[in-house]
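Structure, as structure tokens:
Protein chains in written order, with our numbering: chain A, 978 to 1154; chain B, 989 to 1699.
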């Protein structure tokens, strides 16, 4: 199994209620774009708020793309890593979570971040966005799962069941006592 | 070999599944990409080269839009699945359906494009000639084959045309793009024949299938209605006619002034009669091509579309879920074949997510047999749905968020990409369309499902959103007040898609972006008030006159100052101050002479010969060296008016035009002729000599070309 994975999607799930208003993210991402000094190498915004259950509003970068994303299984802050990963698979997952964590913290700290969105702590979805190297197969799963489990900030890692989708995992926190 | 020289790509080990010719074509594309990145290929040449592979520079620096050709909009469930996958992995998880029945993905890294193309090729999709100065996607009425009004099914004819013209050597030297469409009937708008370079409209004469042929139509900044080239052309004459027109366009069409380079300007300049004479002359000279009949025969046998399930009646709507009746009324249309319906899947702004596309492919597998089509209205269509399946299909579409009603209605707004991604965009056409979409679900819901009005929006005057043929059209512009610039839309009223786009709308005046929704509501109300009988908006505008119509909209045209209303100085769905910024668009491509492409090919092949030499493969090295020289000779022969499709003998013609005429440095020309006579050699010394001779021959050919071209 090729270990040179570059494309990983990491999504922190949110609770948002019915038909959330995404417009505040236009303001936030525009400000990020104007600053222009982020290592994600921002290129521009893209507005897909007109698509119910779609990719929402995103700020696309050469290295990473970040978005308020409504795709199944639900709303979340999605960091799509496109390049700049190195090392072992575990190293790559660690770096992906690090970047996602930084971007999530930054957006949550913005004054326009809508109050009705609530972070579901420890609830992540992870996708290997590279079917050529990592098809959605048991063989890929055997290679990936230990590395992901070691790098993930969550208690449980379960593989998605949809065989037509990308190789994907749900990460959940330990149940509270 | 110096480390900086990129080696030719050979993906045969990983991509053995691909047909050899397609695999090599994409390998060459990747090689050229690496060569331009290494500074070995002229940027302008590469721009047109990548455009001819569907790779288009976005407004934003350093990212690409990948356009994917879907001839006639026909696609299978497996193809839709792969499209979904590549949009997810290489773009932002959205597939956009265009007004030419293509798909587009945005924010693509150019380094991903070779594998993206290979994955598409594996399911029979090419991106070749989706952009650039070539024959673009051949469009066709999406209802073809199942429409009760059609004269006959034009699908195989459009298919034959698409694959005959694809990569055709006579269609590689245009000054601008070239668009062809097929319509199954005259009355309905689906094929939009009158706005195409060639519009073919089905007709039957004496029991034989044929076409009314329209030529020289086009929208853009200066729209032209197509002229009738022939009232009836036998179907088997369509491919040779298109080839002859291509040759005339390549020979006489404008190459320097991009704004005047479309076929419509050539016909306007020459007159239709002189144009017809030139085409007939060219047609009479064409060497017979077995593909003229072969492509159509192949299409007729390979495109047997039919149902997955037996015909049936829709039992009762009582068992159907919420929203079924309205969906049935708006999105479903009976087919010509009893017991079947076609179902239009409404896509807001022509967008579908990767997740939905994959789910839709899965749903379609349950009900139809690979009979999906994209439409020029930026929706998707499922043909051959057995009527009894409609309630469960509706439920399945609802479960994946694709059962929204509105296809073909007022809310089904068509928009080009505008400033979202196009370098030429002046205003945000998609932002306006998204805003209207929201309004149609809320304050304007009362008029959202009108079937007698249609809105189309372009972000600039170039009309990619086809605003000219909408009842209510808009194109982006700007207006200054004091020192501030506001985004506005010029409104055009009274266009018509009837009779294959029979009339173009008239510009009424500029309306600030922020007032467009109110203006639409007023036009709708005005039309209802003034309409007599079956009159279209075009009829009403013609009867009452432009001045009267303008009066209705006057109150929305005023632009307040920035101090009074700063919101007017923001574009739709862009909460920041508007700033006009346009670049050089790539829709006009780069005018690159075919000879330049052939010389670049010669260079690349020559480099391959040096690699063979380095690896001690002497036979291959000398063969490649000769192939490279032959390409360079073809480039020069092109400047003498010889076309590759003439199937001439390169060596003999080179001897006549250059060697005997003393127009090429004789020792190098002698070497080429000697290589041709001797054939490839496996002898190391001789192979090395051939490679070195090829270097000199290609250099000399470039010199001769530069001199002839006046560089």
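For every residue, glycine included, the Cβ atom is placed at its ideal position computed from N, Cα and C.
Being a predicted model, the structure only gives us computed values, none of them experimental.
task = Using only alpha-carbon positions, find the residue among B:1324, B:1402, B:1393, B:1045 that is nearest to residue 1371 of chain B.
result = B:1324
request  = Hey, could you find the ends of the alpha helix (DSSP H) residue 1279 of chain B is sitting in?
outcome  = 1279-1290
Within chain A, the residues that residue 1094 of chain B reaches when beta carbons sit closer than 9 Å = 1023, 1037
query = Run through DSSP, which three-state label would residue 991 of chain B get?
reply = At residue 991 of chain B, the pLDDT of 48 sits below 50, so the modelled position is not reliable and the matter cannot be decided from this model.
task = With DSSP as the reference, label residue 1505 of chain B as helix, strand or coil.
result = Residue 1505 of chain B carries a helical assignment under DSSP once its states are collapsed to helix, strand and coil.
Range of the contiguous beta strand (DSSP E) that encloses residue 1478 of chain B = 1472-1481
inquiry  = By DSSP's criteria, residue 1198 of chain B is part of a beta bridge. Which residues make up the other side?
reply    = B:1191, B:1222
inquiry  = Using C-beta distances below 6 Å, list every residue in its chain close to residue 1127 of chain A, excluding the 5 sequence neighbours before and after it, in chain order.
reply    = 1067
task = Return the residue from the list B:1500, B:1516, B:1586 that minimises the CA-CA distance to residue 1545 of chain B.
result = B:1500
inquiry  = Whole angstroms are fine: how far does the CA of residue 1597 of chain B sit from the CA of residue 1418 of chain B?
reply    = 49 Å
key: Within 9 Å of chain A by C-beta, residues of the stretch 1538-1569 of chain B in sequence order   = 1561, 1562, 1563, 1564
inquiry  = Using a Cβ distance threshold of 8 Å, determine whether the stretch 1061-1079 of chain B contacts the stretch 1357-1366 of chain B, with at least three qualifying pairs required.
reply    = yes
query = From the beta carbon of residue 1082 of chain B, is the nearest beta carbon of chain A less than 8 Å away?
reply = yes
query = Can you tell me whether residue 1316 of chain B is buried or exposed, with buried defined as 16 or more other CB within 10 angstroms of its CB?
reply = buried
inquiry  = Could you check whether the Cβ of residue 1336 of chain B sits closer than 8 Å to any Cβ belonging to chain A?
reply    = By this cut-off, residue 1336 of chain B is an interface position.
query = Which residues bound the beta strand (DSSP E) around residue 1467 of chain B?
reply = 1460-1469
query = With a cut-off of 8 Å, do at least 3 Cβ pairs link the stretch 1126-1133 of chain B to the stretch 1266-1277 of chain B?
reply = no
query = Nearest-angstrom Cα distance between residue 1065 of chain A and residue 1079 of chain A?
reply = Rounded to the nearest whole angstrom, the CA to CA distance from residue 1065 of chain A to residue 1079 of chain A is 21 Å.
key: Other residues of its chain near residue 1375 of chain B: CB distance less than 7 Å, five sequence neighbours each side excluded   = 1300, 1301, 1302, 1327, 1328, 1329
ask   = Hey, would you say residue 1125 of chain A sits closer than 8 Å to residue 1070 of chain A, going by beta carbons?
value = yes
ask   = Are residue 1190 of chain B and residue 1181 of chain B closer than 8 Å when you measure CB to CB?
value = no
inquiry  = List, in chain order, every chain A residue whose beta-carbon is nearer than 7 Å to that of residue 1431 of chain B.
reply    = Those do not exist, as residue 1431 of chain B stays about 16 Å from chain A at its closest Cβ, beyond 7 Å.
key: Start-to-end residues for the beta strand (DSSP E) that takes in residue 1092 of chain B   = 1091-1096
message = Rounding to the nearest angstrom, what Cα-Cα distance links residue 1669 of chain B and residue 1611 of chain B in this structure?
response = Rounded to whole angstroms, the gap between the alpha carbons of residue 1669 of chain B and residue 1611 of chain B is 8 Å.
Option in B:1568, B:1353, B:1519 with minimal Cα separation from residue 1297 of chain B = B:1353
key: residue 1162 of chain B, DSSP secondary structure in three states   = coil
Interface partners of residue 1048 of chain A on chain B, CB under 8 Å = 1081, 1341, 1343
request  = Grab the span of the alpha helix (DSSP H) containing residue 1606 of chain B for me, first residue to last.
outcome  = Taken as a continuous stretch (DSSP letters only), the alpha helix (DSSP H) holding residue 1606 of chain B covers 1606-1627.
task = Only counting runs of 4 or more residues, tell me where the alpha helix (DSSP H) segments fall wholly within the stretch 1643-1698 of chain B, in order along the chain.
result = The qualifying runs are 1654-1666, 1672-1697.
key: Beta-carbon neighbours of residue 1700 of chain B, restricted to chain A and to distances below 8 Å   = An answer regarding residue 1700 of chain B cannot be provided, because it is not within the stretch 989 to 1699 covered by chain B.
task = Consult DSSP for residue 1539 of chain B and reduce its assignment to one of helix, strand or coil.
result = helix
ask   = For residue 1637 of chain B, does the three-state DSSP call read helix, strand or coil?
value = coil
ask   = Assuming residue 1094 of chain A contacts residue 989 of chain A under a Cβ cut-off of 8 Å, what Cβ separation, rounded to an integer in Å, is found between them?
value = The Cβ separation is near 11 Å, so there is no contact.
inquiry  = Can you confirm whether the stretch 1444-1453 of chain B touches the stretch 1190-1203 of chain B when touching is taken to mean that 3 or more C-beta pairs between the two stretches lie within less than 8 Å?
reply    = no
request  = Determine the chain A residues that contact residue 1103 of chain B at a beta-carbon separation under 8 Å, and present them in chain order.
outcome  = 1109
request  = Identify whether residue 1415 of chain B lies in helix, strand or coil by the three-state DSSP scheme.
outcome  = coil
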